[in-house]
Amino acid sequence: MEKIGVLSLQGDYEEHIHALLKASEKISVPIKVIEVRNQNHAENIDGLIIPGGESTSISRLMEKSGLFEKISSVRKIMGTCAGAILLAKEVHGATHFQRFLGLMDISVSRNAYGSQLASFEAQITTVFGNLNGVFIRAPKMSLLSKDVQPMAFLGDEVVGAYQKVKDQHLIALAFHPELTTTKFHEYFIRL
Ligand code: GLN
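What follows is the structure, given as structure tokens:
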């Protein structure tokens, strides 16, 4: 059975666990979900979801638990919002003590849609059809390489992307799929 970890240090990891379990039921692919809080939890996982939350806090807690190296080599990773920031090679608006995984050829600008009050919901166009996208102090995203494929758009802005680097599958989403759909979790399980 596939073991999928959800980084459970800070942020909305519980919603991702629910979305994963719902997705696995929908597509009838059984999975084992693991809450990843330390290096042992990250042992032998087939995939990892990095949730939304506060990328500064998540990165500090990852550093404290020595998770950076372990996570970097997981075969598939999906980062949403703060998680997408952690995956990016280029980050604008980072705090000076913030560290990143830097695995994916995307550039992100933290909080570029405005403050918490400027959070919004909007129709997005995705590879799975039109969906309701929830943006909570979301980063703006741009692609740095032709190897990165867009997966979702808000108007003409890319808000979701996929990249395969060697044997590693990477997905970065600026919005919160776990709140409105299981499509991305279904895709992630199937990868
Ligand atoms: N603004 C947060 C950050 O920069 C991300 C917000 C979120 O994950 N919903 O870390």
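Counting with the numbering used here, you get residues 256 to 446 for the letters of the sequence shown.
Beta carbons are placed, not taken as given, at the ideal position from N, Cα and C, and that holds for glycine.
- In the structure shown, Lys401 falls within a coil segment according to DSSP collapsed to helix, strand and coil.
- Residue pairing by DSSP places Thr435 opposite no residue, since no beta bridge is assigned to it.
- With a cutoff of 7 Å, Asn366 counts as near the ligand GLN, since its C-beta is closer than that to a heavy atom of the ligand.
- Here Val382 is not bridged, per DSSP, to any residue.
- Taking 7 Å as the cut-off, the C-beta of Ile391 counts as close to a heavy atom of the ligand GLN.
- Distance from the CA atom of Leu356 to the CA atom of Ala343, rounded to whole angstroms, is 7 Å.
- A straight-line Cα-Cα distance of about 19 Å links Ser374 and Gln265.
- Taking C-beta separations shorter than 6 Å and ignoring five residues to either side along the sequence, the partners of Lys331 in its chain run Gly302, His424, Leu446, following chain order.
- Under the DSSP assignment, Ala339 falls outside any beta strand (DSSP E), being part of the alpha helix (DSSP H) whose first and last residues are 337-342.
- Under the three-state reduction of DSSP, His296 is assigned to coil, being neither helix nor strand.
- Inclusion of Ile444 and Ile286 in the CB contact set at 8 Å is warranted, their separation being smaller than that value.
- If you compare the alpha carbons of Ile340, Tyr417, His431, Arg354 with that of Asp402, the shortest gap goes to Tyr417.
- With a contact defined as Cβ atoms closer than 8 Å, Ala339 and Arg365 miss out at about 10 Å.
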